[in-house]
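Peer 1:
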Ligand code: IPD
Ligand code: CA
Ligand code: CA
Ligand code: CA
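Numbering (my numbering), first residue to last: 82 to 344.
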């Protein structure tokens, strides 16, 4: 088993899964909700996760899979090879818009990031990276990030954090909204993470994400110099839910220190 084989195998699965998702848009899609009425899941999210798990286990029986929809292994620590998969990141967009969603996959080896993939299924944009080997978008190198300035920054965040809420002091967030050039909210954490890698965004934050939302994207973004932590500035475990903050290196610390006050 060479790591090269794993990378090309994973790439092949993602491309095949992307075709399945696009084809599914012509058929019946069953929608149900999970933890609350807006936490949606479809039969396609489930079928795509099962597709990955079946194919991964056939080729690599010792590898474990942590997937959002629960068909994989229950993973509490990252020893061995762990595939961290979100079959559709941005399910709400998938249902409402039929675009702006992604397959997100990170492969970790003994706790260390090895390969990251984010596939914008409708645009057929494949972002990928092998740790230490640079990041690519459809095979073309993504250049290292240039210096960013807060007053010219585009920041990805959900509007609900700038109104009173239970997780973060919203006055700091209002000041951030005032101080930056613009705020964007795309509805797919995986895409927002790779947008920081390509400079389409300069930062993106969330009050609560799971490892599968960001496992692939963070590897890609770190390859071009983005900084990834939780909103306290600490390293992510990649096993537990946490807050999430990714930014161009030149504004990462500045945003945490000046604007973020978690409750
Ligand atoms: C969600 C998306 C969304 C983020 C949510 C995630 P899902 O993932 O990434 O942008 O705000 O926190 O749960 O459920 O569509 O895979
Ligand atoms: Ca979900
Ligand atoms: Ca997700
Ligand atoms: Ca999902």
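By construction, the Cβ of each residue, glycine as well, lies at the ideal position given by its N, Cα and C atoms. Nothing here was measured: the structure is a model prediction, and the numbers come from that model.
(1) With distances taken from CA atoms, which of 317, 171, 190, 315 is nearest residue 183?
(2) Please classify residue 99: does DSSP put it in a helix, a strand, or coil?
(3) At the level of alpha carbons, what is the spacing between residue 238 and residue 181?
(4) Which of the three DSSP states is assigned to residue 306 in this structure?
(5) State the start and end residues of the unbroken alpha helix (DSSP H) segment that holds residue 22.
(6) For residue 316, I'd like the list of residues in its chain whose CB is within less than 8 Å of its CB, leaving aside the five on either flank, ordered along the chain.
(7) Considering only heavy atoms of ligand 3, does any lie closer than 7 Å to the CB of residue 149?
(8) From residue 288 to residue 252, what distance separates their C-alpha atoms?
(9) Decide if the segment 123-140 is in contact with the segment 91-106; the criterion is three or more beta carbon pairs, one per stretch, under 8 Å apart.
(10) Taking 8 Å as the threshold (C-beta atoms), are residue 277 and residue 296 in contact?
(11) Does the segment 118-130 come within contact of the segment 98-106, defined as at least 3 CB pairs closer than 8 Å?
(12) What first and last residue would you give for the beta strand (DSSP E) that runs through residue 210?
(13) According to DSSP, which residues form a beta bridge with residue 287?
(14) Between residue 327 and residue 257, is the Cβ-Cβ spacing less than 8 Å?
(15) Would you give the residue range spanned by the alpha helix (DSSP H) that residue 332 belongs to?
(16) Mind checking whether residue 236 and residue 255 have CB atoms under 8 Å apart?
(17) Taking only runs that begin and end inside the segment 228-253, name each unbroken beta strand (DSSP E) of 3 or more residues, in chain order.
(18) What are the boundary residues of the alpha helix (DSSP H) that includes residue 276?
Peer 2: Looking at the coordinates:
(1) Nearest of 317, 171, 190, 315 to residue 183, Cα basis: 171.
(2) helix
(3) 16 Å
(4) coil
(5) Because the chain here runs from 82 to 344, residue 22 falls outside it and cannot be looked at.
(6) If we look at residue 316 and ignore the five residues flanking it on each side, its Cβ neighbours are 310.
(7) yes
(8) Residue 288 and residue 252 have their alpha carbons spaced roughly 16 Å apart.
(9) yes
(10) The Cβ atoms of residue 296 and residue 277 do not sit closer than 8 Å to each other.
(11) yes
(12) 206-211
(13) Beta-bridge pairing links residue 287 to 325.
(14) no
(15) 330-340
(16) no
(17) Assignment of beta strand (DSSP E) within the segment 228-253, counting only whole runs of 3 or more residues, yields 235-237 in chain order.
(18) 270-279
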